[in-house]
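Below is one structure; the comments refer to it alone.
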């Protein structure tokens, strides 16, 4: 989509023809139903990549990168970011998240203090399952 910009990670909804190259990121790792919902990402976190594991700050209701040592509620991981968003300039409303599904543990972005094993156990009650999927990435 040459010459276009994204708004919070979403292409503008204008009729047009464009050429895009599909680049699979291998985030989705199974057929377990994925439930999505839009949330508000707290600002000043920089660029959050698709696949980042999020928790919610209890006091504000805003989503941040989940770290295991947090004490504000975000230590409980409950969502996986569905797209890439830039929070540098402030809060981002309407960010898409997965609230259930099977995801490749090698493709998710984990916050400080998490390992694949500890994060998998913490996400299980939320019906988010991390799998050690075989990658099809180019080995070079």
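In this note's numbering, the protein residues as written are 10 to 149.
Glycine is no exception: its CB is placed at the ideal position from the N, C-alpha and C atoms.
- Cβ-Cβ distances below 8 Å link residue 106 to 45, 46, 47, 48, 63, 72, 88, 89, 90, 91 in the same chain, with the five nearest sequence neighbours on each side left out; the list follows chain order.
- Comparing alpha carbon positions, the residue from 127, 60, 114, 122 closest to residue 139 is 114.
- Assigned with DSSP and collapsed to three states, residue 127 falls in helix.
- The beta carbons of residue 76 and residue 84 sit closer together than 9 Å.
- In the three-state reduction of the DSSP assignment, residue 135 falls in the helix class.
- Look at residue 37 here: in three-state DSSP terms it is strand.
- Burial check for residue 101: the Cβ neighbour count within 10 Å reaches 16 or more, so the residue is buried.
- The continuous beta strand (DSSP E) containing residue 113 extends over residues 101-113.
- Residue 94 is a Cβ neighbour of residue 50, given a cutoff of 9 Å.
- Annotation: residue 141 is outside any beta strand (DSSP E) and is labelled neither H nor E by DSSP.
- In this chain, the beta strand (DSSP E) harbouring residue 64 covers 62-65.
- Judged by DSSP secondary structure, residue 88 falls within the beta strand (DSSP E) whose first and last residues are 88-90.
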